[in-house]
Amino acid sequence: MRLYQYKCAQCDKEIELLVRDGEIPTCPSCGSKDLERQVGRFAALSGSSASGGDMPPSCGCGPGCCGMN
Ligand SMILES: [Zn+2]
Numbered sequence: 165m166r167l168y169q170y171k172c173a174q175c176d177k178e179i180e181l182l183v184r185d186g187e188i189p190t191c192p193s194c195g196s197k198d199l200e201r202q203v204g205r206f207a208a209l210s211g212s213s214a215s216g217g218d219m220p221p222s223c224g225c226g227p228g229c230c231g232m233n
């Protein structure tokens with residue numbers, strides 16, 4: 165399972181979902197399957213990290229990435 169960020173095309177809500185390979189996620193708000201996966205945030209992480217290096221690999225992509233705050 166992986167954590168993806170989606171934007172719902174029906175209710176225009178941005179959501180984060182854990183999705184199994186091959187599984188089609190549905191919007192928890194309106195139940196639509198018409199979700200757009202947002203990938204820009206991950207693609208933007210290229211090259212420039214020289215800091216501590218003890219962030220967990222599943223996190224550290226920025227504020228609000230895991231919805232834990
Ligand atoms: Zn929705």
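Read in order, the letters of the sequence shown are residues 165 to 233 in the numbering used here.
The beta-carbon is built from N, C-alpha and C at its ideal position, and this holds for glycine as well.
Quantities reported herein were computed from a predicted structural model and do not represent experimental measurements.
Burial state of residue i, where buried means 16 or more other Cβ atoms lie within 10 Å
i, result
"Leu182", "exposed"
"Arg184", "exposed"
"Gln174", "exposed"
"Cys172", "buried"
Element boundaries [beta strand (DSSP E), containing residue i]
i, result
"Lys263", "Since the first residue shown for the chain is 165 and the last is 233, residue 263 is missing from the structure and cannot be characterised."
"Ile188", "Unbroken run through Ile188: none, as it is neither H nor E."
Sequence-distant residues of the same chain with beta carbon closer than 6 Å to residue i, five excluded per side
i, result
"Lys197", "Ile188 and Thr190"
"Arg201", "Tyr168 and Tyr170"
"Met165", "Leu182 and Arg184"
Check: residue i C-beta below 7 Å from any heavy atom of ligand 2
i, result
"Glu180", "Annotation note on ligand 2: not contained in the displayed structure, which lists ligand 1 as its ligands."
Task: Any heavy atom of ligand 1 nearer than 6 Å to the CB - residues listed - done: Each of Cys172, Gln174, Cys175, Lys177, Cys191, Ser193, Cys194 and Ser196 has a C-beta closer than 6 Å to some heavy atom of ligand 1; these make up the full list, in chain order.
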